[in-house]
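Visitor:
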Amino acid sequence: MTTTRLLSYAACFALVVSFCCAPASGQAKKRGALRITDLDLQHKDSPEFQAMSNPRATREYRWYQITVEYEARGGDRGWLDEVELEWSVILSPKSSSKPFLLKRTVTYVDVETAKGATHHAVVYLRPAFIRRYYGTDRINKNDIGIYVRTKVNGESSDTYREAKSKDLRGTWWEAREPRVHIRENELMTRDETPFAPLDYDFYEHLKPRR
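This is the structure in structure tokens:
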């Protein structure tokens, strides 16, 4: 085989490789990425509104609010189609013989990736659960562990873990019955709580349920 023909084959091969690799790089950029930067835990009183459906109604109970702050990058022209957060929250109330592992997956749509923009995601634990298993309206922060896995357009992105309890070791968020009580959808999204109309622009839009 002549040297000229070998060079010709090599040039064709290089062209094919560059053609195949370029779209993959562009697609990776379009997929985007998330990075969780902060976590905030707070007890929140039920909001009080001027209008009441029952004149005897009063504001009595406290919710537990879990908020994460995150940064978004990449995407298509500065936007991500979908951002998914898989929440795992473990609690160890003394009234129970084993911990409760609460699970919830929440999806947001049209998340902007403009430079310097920060975003927030929130879930709530309802007052009745707290009072039933803690016998009070407050959760001890030393009883809690939080693990959040994020996805962008279905692709895994970032994970965040914070364990207040010293007893939590290993991959506790993967625990199964009978080691723990599993509670799917026990964590509530903002639109399922009385906080829904408050601070509306502070959070991203939830993906509509079909």
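Adding 1 to a residue's 1-based position in the sequence shown gives its number in the numbering used here.
We treat Cβ as the ideally placed atom computed from N, Cα and C, and that holds for glycine.
Here the structure is a predicted model, which is why all the values come from computation and not from measurement.
What three-state label does DSSP hand residue 11 in the structure shown?
Guide: As a working note, residue 11 is residue 10 in the sequence shown. Note on residue 11: pLDDT 47, under 50, position unreliable in the model; no value is reported.
Visitor: How would you label residue 73, buried or exposed, when you count the other beta carbons within 10 angstroms and need 16 or more for buried?
Guide: The residue you call residue 73 lines up with position 72 of the sequence shown. Buried, since its Cβ has 16 or more Cβ neighbours within 10 Å.
Visitor: Is it the case that the segment 59-69 contacts the segment 102-118, given that we only count it when at least three CB pairs across the two stretches are under 8 Å?
Guide: No: the two stretches stay apart, fewer than three of their Cβ pairs being nearer than 8 Å.
Visitor: Quick check: the Cα distance between residue 162 and residue 147, rounded to an integer number of angstroms?
Guide: Counted from its first residue, the sequence shown places residue 162 at position 161. Counted from its first residue, the sequence shown places residue 147 at position 146. Each residue's Cα considered, the two are about 6 Å apart.
Visitor: Between 182, 153 and 211, which has its C-alpha nearest residue 37's C-alpha?
Guide: As a first step, residue 37 must be located in the sequence shown, where it is residue number 36. If we check each option's Cα against that of residue 37, 153 comes out closest.
Visitor: Given a threshold of 16 other Cβ atoms within 10 Å of its Cβ, counted over all protein chains shown, does residue 48 qualify as buried or as exposed?
Guide: What you label residue 48 is simply residue 47 of the sequence shown in a count that begins at 1. So residue 48 counts as exposed.
Visitor: Could you tell me the distance, in whole angstroms, from the CA atom of residue 186 to the CA atom of residue 75?
Guide: Residue 186 sits at position 185 when you count from the first residue of the sequence shown. Residue 75 sits at position 74 when you count from the first residue of the sequence shown. Cα to Cα, residue 186 sits roughly 30 Å from residue 75.
Visitor: Out of 125, 124 and 140, state which residue places its alpha-carbon closest to the alpha-carbon of residue 131.
Guide: Along the sequence shown, one-based indexing puts residue 131 at 130. Checking every option, the nearest Cα to that of residue 131 belongs to 140.
Visitor: What runs of the alpha helix (DSSP H), each 4 residues or longer, lie entirely inside the segment 86-169?
Guide: Runs found: 128-135.
Visitor: By how many angstroms is the C-alpha of residue 121 removed from the C-alpha of residue 192?
Guide: Walking along the sequence shown from the start, residue 192 turns up at place 191. Walking along the sequence shown from the start, residue 121 turns up at place 120. Spanning the two alpha carbons is a distance of roughly 14 Å.
Visitor: Starting from residue 72, trace the beta strand (DSSP E) in both directions and tell me its first and last residue.
Guide: One-based indexing of the sequence shown puts residue 72 at position 71. 63-74 is the extent of the beta strand (DSSP E) around residue 72.
Visitor: What is the residue span of the beta strand (DSSP E) that residue 1 lies within?
Guide: Residue numbering for the chain in the displayed model covers 2 to 211; residue 1 lies beyond these limits and cannot be assessed.
Visitor: Pull the bridge partners of residue 181 from the DSSP assignment, please.
Guide: To locate residue 181, count along the sequence shown from 1; it is residue 180. Partner(s): none; residue 181 has no beta bridge.
Visitor: In its own chain, which residues sit with a C-beta less than 6 Å from the C-beta of residue 210, not counting the 5 before and 5 after it?
Guide: As a working note, residue 210 is residue 209 in the sequence shown. So the list is empty, once near-sequence residues are dropped.
Visitor: Around the C-beta of residue 100, are 16 or more other C-beta atoms found within 10 angstroms, so that it is buried, or is it exposed?
Guide: By 1-based counting over the sequence shown, the position of residue 100 is 99. That one is buried.
Visitor: From the DSSP secondary-structure annotation, give me the bridge partner or partners of residue 173.
Guide: As a first step, residue 173 must be located in the sequence shown, where it is residue number 172. None; residue 173 has no bridge partner.
Visitor: Go through its chain and collect everything with a Cβ distance to residue 94's Cβ below 6 Å, but skip five positions before and after it.
Guide: Working through the sequence shown from its first residue, we reach residue 94 at position 93. Correct list, in chain order: 134 and 135.
Visitor: How many angstroms separate the CA atom of residue 111 from the CA atom of residue 96?
Guide: The residue given as residue 111 occupies position 110 in the sequence shown. The residue given as residue 96 occupies position 95 in the sequence shown. When rounded, the distance between both Cα atoms is 42 Å.
Visitor: Nearest to residue 179 by CA position, among 105, 98 and 34, is which residue?
Guide: The residue labelled residue 179 in the question sits at position 178 within the sequence shown. If we check each option's Cα against that of residue 179, 98 comes out closest.
Visitor: Can you name the residues that DSSP bridges to residue 81?
Guide: Start at 1 with the first residue of the sequence shown, and residue 81 comes out as number 80. Answer is 112.
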